[in-house]
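Engineer: Before I ask anything, here is the structure I am working with.
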Amino acid sequence: MCEFKTYETAWCPGCGNFSILKGLKRALEELGKKPHEVVISSGIGQAAKIPQYINVNGFNGLHGRAVPVGAAIKIANKNLTVIVESGDGDTYGEGGNHFIHNIRRNIDIAHFVHNNQIYGLTKGQASPTTGTGQITGVQTMGVLNHPFNPLTVALSLGATFVARTFSGDEEHMVEMMKEAILHKGYALVDILQPCVTFNKVNTFKWYKDRVVKIDPNHDLTDYFGAYKLAHQWGDEGIPIGIFYKKEEKTYHEKIQHLDKGLPLVDREINPLKAEKYLADFK
Amino acid sequence: MEKAKKLGNTKVSGTIFAGIIFKYFGLPIEKIKDYLQEIFSDNILELNNKALEIGYGMIEPKLSLQGNKDLSQYILINGNQSIALGALAAGCSFYSAYPMTPSTSIMNYLAAKQRDELIVVEQAEDEIAAVLMALGASYAGVRAMTGTSGGGFSLMVESIGLAGITEVPLVVAEVQRPGPATGLPTRTEQSDLKFVINCSQGEFPLMVISLRDVEDAFYQTARAFNLAEKYQIPVILLSDQYLADYNQTVKAFDFSKIKIERHLAGEEVFLDGEYKRYTLTASGISPRIIPGKFSNQVVLVDSDEHDEYGRITESAEVRKNMVDKRMKKLELLKEELNEPRKLGNAKGEVLLLAWGSTYGPLKEATENLIGEGYNITALVFGDLWPLPQKSLNYLAPFAKKIINIEGNATGQLKDLVREQTGINCDLSILKYDGRPFSSEELYHRLKEVL
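Shown next as structure tokens:
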């Protein structure tokens with residue numbers, strides 16, 4: 000029996016989240032992780048329900064706010080494997096500022112964004128990644144804004160791991176998840192996922208017909224090559240795979256006293272240790 | 000200035016003045032000469048020494064600071080530094096904040112100590128991230144804190160509610176300045192009391208402690224960490240710009256008085272072999288463990304209403320049980336509140352009510368008025384929410400007149416007292432011009448109405 004257990008879910012039949020949840024459990028299992036070694040921080044949205052449906056530590060917090068929580072968990076206890084699970088509205092809309100600045104922090108966490116290009120939980124409004132012109136109950140004249148491109152944004156902010164996968168290709172998705180978890184530093188995986196109920200444009204078939212695996216010879220350290228690839232979208236083919244990957248000092252590695260020695264959580268507390276600071280005020 | 004000009008450089012006028020001050024207080028000139036030697040050299044030193052001597056020769060000593068008092072047991076410190084020291088004493092290992100006047104110097108002090116103390120101070124991208132990072136770190140098991148002023152606190156309120164429903168301990172310093180919005184950024188006010196007590200949507204237990212002086216800032220900050228972990232609630236330390244920035248000489252804080260009470264559970268709580276984060280208990284407090292510490296036991300916290308495992312629920316029964324459980328903690332907390340500090344007579348016919356940093360000026364004003372024969376008692380609140388009521392209920396019947404003294408325009412403590420106890424204040428003495436009360440001002444304003 001899977002240690003990560005099975006729970007009753009509240010997703011629509013055919014939702015991409017089922018395969019993402021399945022893939023996540025597989026990835027954790029294949030990496031040999033135990034439930035208590037993993038923490039999932041999530042926000043609010045259909046994607047953010049993931050910690051409800053898996054047996055690992057979970058912090059199911061506020062809409063848009065999963066990343067700072069996950070980052071701080073990793074700071075407090077570097078021995079935990081921290082994964083942020085959230086959707087396109089959660090991460091790229093409400094939580095945009097946290098997305099930007101945690102890429103800059105380069106904390107060793109994996110961030111899986113279930114990107115179905117629509118708001119599912121609130122029933123079908125445009126998300127930051129909804130295509131221009133798409134008509135919704137609110138965007139009655141069609142979406143006026145141009146879509147948010149998470150990959151080029153992440154690249155331009157210096158993300159050290161940028162990948163995309165598709166919920167309809169389980170093998171590929173599990174591979175991307177594992178690579179992201181193993182990567183030292185902040186790792187973004189944008190997971191394309193159909194919303195069967197509210198997105199009638201970007202359907203399973205729409206994605207299936209367009210996703211193209213990135214050429215195995217693609218140079219993962221070629222920044223501008225990655226940037227160009229990340230611009231490719233729609234009928235010209237949607238690349239999936241690792242766009243860019245580089246080794247760079249993580250947040251922990253940049254703070255020597257955090258990197259070396261016990262995790263913060265295991266350090267001894269002794270009030271008398273701080274008494275010496277009275278000298279500052281004598 | 001003229002004398003400085005004669006020496007050939009008007010810049011030394013400050014040194015002349017320093018000489019005057021030293022002489023005024025009867026201090027030896029050598030002390031300041033030694034100091035000049037540290038910062039100047041050659042002809043600049045010579046020039047300043049001359050200036051000093053001119054100043055020193057200008058007047059006769061008026062006061063003597065040359066006592067026999069041993070000052071080695073005393074410190075000179077301000078409110079924010081005291082909060083920071085209190086946090087260090089309490090084992091705060093993670094402090095995240097976004098710079099905001101007048102709270103920033105808490106972060107500055109902690110940041111200066113982080114490598115020494117092996118702690119982490121993180122400047123967050125905004126106040127929302129600041130409070131959530133503190134919450135994440137606290138969930139993971141370290142003592143964590145954030146600090147801000149009213150504007151930043153406004154951004155944090157949703158997360159204060161999150162701390163309430165997830166029952167993750169949290170300590171927040173809210174160093175008030177005059178609002179609303181940007182207000183008077185570098186001035187002082189006590190106008191966030193009701194806002195802080197009622198912050199965030201929904202109903203959940205939280206504690207608000209106002210800081211009266213630098214000693215409170217130290218000891219109450221340390222106490223806040225214990226209470227936050229005992230009741231698994233947010234504890235808000237309410238300070239203000241006046242207390243944050245004024246320096247006071249006090250007896251050095253006693254670090255041996257700081258006790259660390261973490262209230263963490265162990266394996267004994269895995270009743271059916273499985274940990275439940277929100278086990279229903281008689282006290283309302285569920286045993287808390289740190290994630291990752293017990294093989295195959297997981298900790299799930301949830302901002303949705305949840306069952307004992309932390310899993311999302313729509314059950315009417317579970318919802319009611321969980322609200323009751325959380326609110327029970329507030330009732331329990333009432334048992335260990337600190338009554339307000341009492342000043343003046345035992346049962347005065349005038350009862351003064353104040354809170355926070357008004358303590359200092361009010362103490363002096365009360366002493367002076369009592370010296371003149373007025374029969375006054377003053378209660379200065381530290382703990383404000385839940386409101387400690389014992390002293391208030393005891394003293395109110397003896398008072399012919401009850402006066403609230405507050406640094407705001409509407410009398411927020413007055414309203415709180417009335418709401419919680421039914422006791423009415425007869426008169427308010429309020430100040431909201433961005434400046435703190437002075438004892439002299441309070442003395443005169445009280446005298447007008449007594």
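Same order as they appear, the protein sequences are chains A and B. Quick note: the first sequence, position 280, residue 279 per numbering that gives the first Met the number 0, numbers continuous. Quick note: the second sequence, position 178, residue 177 per numbering that gives the first Met the number 0, numbers continuous. C-beta: ideal position from N, C-alpha, C; glycine also. Here the structure is a predicted model, which means the values were calculated and not measured.
Check the C-beta distance from T159(A) over to A229(A) and give it rounded, since I have them as a contact under 8 Å.
Structural biologist: To locate residue 159(A), count along the first sequence from 1; it is residue 160. To locate residue 229(A), count along the first sequence from 1; it is residue 230. T159(A) to A229(A), Cβ: 15 Å. No contact.
Engineer: On the three-state DSSP scale, how would you describe M0(B)?
Structural biologist: Stepping through the second sequence from its first residue, residue 0(B) is reached at position 1. Coil, per DSSP.
Engineer: Need the endpoints of the beta strand (DSSP E) that D382(B) sits in, please.
Structural biologist: As a working note, residue 382(B) is residue 383 in the second sequence. First-last of the beta strand (DSSP E) with D382(B): 382-384.
Engineer: Rounded to whole angstroms, what is the Cα-Cα separation between L471(B) and P60(B)?
Structural biologist: This structure cannot speak to residue 471(B), because chain B is shown only from 0 to 449.
Engineer: Check the C-beta distance from F203(A) over to P193(A) and give it rounded, since I have them as a contact under 8 Å.
Structural biologist: Taking the first residue of the first sequence as position 1, residue 203(A) is located at position 204. Taking the first residue of the first sequence as position 1, residue 193(A) is located at position 194. Indeed they touch by this definition, with Cβ atoms about 4 Å apart.
Engineer: Kindly indicate which three-state DSSP category N403(B) falls into: helix, strand or coil?
Structural biologist: Within the second sequence, the letter at position 404 stands for residue 403(B). Looking at N403(B) - three-state DSSP - the assignment turns out to be strand.
Engineer: Name the chain B residues that come within less than 8 Å of E247(A), Cβ to Cβ?
Structural biologist: Numbered from 1 along the first sequence, position 248 holds the residue referred to as residue 247(A). Chain B residues near E247(A): none, gap ~19 Å exceeds 8 Å.
Engineer: Within 7 Å: the Cβ of S18(A) and any heavy atom of the ligand MN?
Structural biologist: No copy of the ligand MN occurs in the structure displayed, which carries no ligand at all.
Engineer: Check whether the Cβ of V174(B) lies closer than 8 Å to any Cβ atom in chain A.
Structural biologist: The residue given as residue 174(B) occupies position 175 in the second sequence. No, no contact with chain A.
Engineer: If you draw a straight line from the C-alpha of P385(B) to the C-alpha of L332(B), how long is it?
Structural biologist: The sequence position of residue 385(B) within the second sequence is 386, counting from 1. The sequence position of residue 332(B) within the second sequence is 333, counting from 1. Cα to Cα, the separation comes out at about 8 Å.
Engineer: Is there a Cβ from chain D that is less than 8 Å from the Cβ of E28(A)?
Structural biologist: Checking the listed chains, one finds no chain D in this structure; the protein chains it contains are A and B.
Engineer: Based on Cα-Cα distance, which residue from S199(B), S148(B), G160(B), M206(B) lies nearest to E188(B)?
Structural biologist: Residue 188(B) sits at position 189 when you count from the first residue of the second sequence. When each option's Cα is compared against that of E188(B), the closest is S148(B).
Engineer: Going by DSSP, name the residue or residues bridged to E121(B).
Structural biologist: Here residue 121(B) corresponds to residue number 122 of the second sequence, with the count starting at 1. Its beta-bridge partners are S95(B).
Engineer: Got a sec: is the Cβ-Cβ distance from M321(B) to anything in chain A below 8 Å?
Structural biologist: Stepping through the second sequence from its first residue, residue 321(B) is reached at position 322. No, M321(B) does not count as interfacial toward chain A.
Engineer: In three-state DSSP terms, what is A227(B)?
Structural biologist: Within the second sequence, numbered from 1, the residue matching residue 227(B) stands at position 228. Helix.
Engineer: Say whether chain B places a C-beta atom closer than 8 Å to the C-beta of P67(A).
Structural biologist: If you number the first sequence from 1, residue 67(A) lands on position 68. It does; some Cβ of chain B falls within 8 Å.
Engineer: Let me confirm a value: Q116(A) is counted as buried when at least 16 other C-beta atoms fall within 10 Å, else exposed. Which label applies?
Structural biologist: Here residue 116(A) corresponds to residue number 117 of the first sequence, with the count starting at 1. Under this definition Q116(A) is a buried residue.
Engineer: Listing by chain order, which chain B residues have their CB less than 9 Å from the CB of K281(A)?
Structural biologist: Residue 281(A) sits at position 282 when you count from the first residue of the first sequence. In chain order: L70, S71, Y73, I74, L75, A251.
Engineer: Just tell me which of G92(A), F197(A), I106(A), V264(A) has its CA closest to the CA of G157(A).
Structural biologist: Position 158 of the first sequence, counted from the first residue, corresponds to residue 157(A). When only C-alpha atoms are compared, the closest one is I106(A).
Engineer: Take G160(B) and list the residues in its own chain whose beta-carbon comes closer than 7 Å to its own, dropping the five residues that flank it on each side.
Structural biologist: Indexing the second sequence from 1 puts residue 160(B) at position 161. Excluding positions up to five away in sequence, the list reads S199, Q200, G201, F203.
Engineer: Taking only three categories from DSSP, how would you classify W354(B)?
Structural biologist: Within the second sequence, the letter at position 355 stands for residue 354(B). Correct three-state label for W354(B): strand.
Engineer: Does DSSP put K430(B) in a helix, a strand or coil?
Structural biologist: Taking the second sequence and counting its residues from 1, the one referred to as residue 430(B) is at position 431. In this structure, K430(B) counts as coil in the three-state DSSP scheme.
Engineer: Who are the neighbours of A109(A) on chain B, taking C-beta pairs under 7 Å?
Structural biologist: As a working mapping, residue 109(A) is identified with position 110 in the first sequence. Per Cβ cutoff of 7 Å: no residues; A109(A) is ~16 Å from chain B at best.
Engineer: Along the chain, which unbroken stretches of the beta strand (DSSP E) at least 3 residues long are found entirely within the region 45-91 of chain A?
Structural biologist: Fully enclosed beta strand (DSSP E) runs of 3 or longer: 56-59, 80-86.
Engineer: So P117(B) packs on H256(A), CB below 8 Å; how close in whole Å?
Structural biologist: For this step, residue 117(B) is matched to residue 118 along the second sequence. For this step, residue 256(A) is matched to residue 257 along the first sequence. With the sequence shown as reference, residue 117(B) is identified as Leu, and Pro is not the correct amino acid for it. With 8 Å as the limit, L117(B) and H256(A) qualify as a contact, their Cβ atoms being about 5 Å apart.
Engineer: Identify which residue in D87(A), H62(A), L61(A), N56(A) has its Cα closest to the Cα of I72(A).
Structural biologist: Translated into the one-based positions of the first sequence, residue 72(A) becomes position 73. Ranking D87(A), H62(A), L61(A), N56(A) by Cα distance to I72(A) puts N56(A) first.
Engineer: Between the region 290-311 of chain B and chain A, which residues of the former have CB atoms less than 8 Å from a CB of the latter, in chain order?
Structural biologist: Correct list: P290, G291, K292, F293, S294, N295, Q296, V297, V298, L299, V300, D301, S302, D303, G309, R310, I311.
Engineer: Which residue spans inside the region 140-176 of chain B form an unbroken alpha helix (DSSP H) run of at least 4?
Structural biologist: The region 140-176 of chain B contains these whole alpha helix (DSSP H) runs: 149-165.
Engineer: With a CB to CB cut of under 6 Å and the five nearest residues on each side skipped, what residues in its chain are close to V211(A)?
Structural biologist: In the first sequence, counting from the first residue as 1, residue 211(A) sits at position 212. Only G236, P238 meet the Cβ criterion.
Engineer: Taking three-plus beta-carbon pairs below 8 Å as touching, is the region 79-96 of chain B in contact with the region 245-260 of chain A?
Structural biologist: No, the region 79-96 of chain B is not in contact with the region 245-260 of chain A.
Engineer: Using 8 Å for Cβ pairs, my map puts A345(B) next to I404(B). What's the rounded Cβ distance?
Structural biologist: The residue you call residue 345(B) lines up with position 346 of the second sequence. The residue you call residue 404(B) lines up with position 405 of the second sequence. The pair is not a contact, with the Cβ atoms about 20 Å apart (cut-off 8 Å).
Engineer: Between the region 256-271 of chain B and chain A, which residues of the former have CB atoms less than 7 Å from a CB of the latter, in chain order?
Structural biologist: Hits within the stretch, in order: I257, I259.
Engineer: Quick one: Cα of K258(B) to Cα of I82(A), how far?
Structural biologist: If you number the second sequence from 1, residue 258(B) lands on position 259. If you number the first sequence from 1, residue 82(A) lands on position 83. Rounded to the nearest angstrom, the two C-alpha atoms are 35 Å apart.
Engineer: Please check if any C-beta of chain B sits within less than 8 Å of the C-beta of L79(A).
Structural biologist: For the purposes of this step, residue 79(A) is taken as residue 80 along the first sequence, with counting starting at 1. Judged by the 8 Å Cβ criterion, L79(A) is in contact with chain B.
Engineer: Starting from P50(A), find everything on chain B with Cβ-Cβ shorter than 7 Å and list it in chain order.
Structural biologist: On the first sequence, position 51 is the one that residue 50(A) refers to. Residues of chain B passing the Cβ test: L299.
Engineer: How long is the line joining the alpha carbons of I241(A) and A162(A), rounded to whole angstroms?
Structural biologist: Sequence index remark: in the first sequence, residue 241(A) carries index 242 (1-based). Sequence index remark: in the first sequence, residue 162(A) carries index 163 (1-based). C-alpha separation (whole angstroms): 4 Å.
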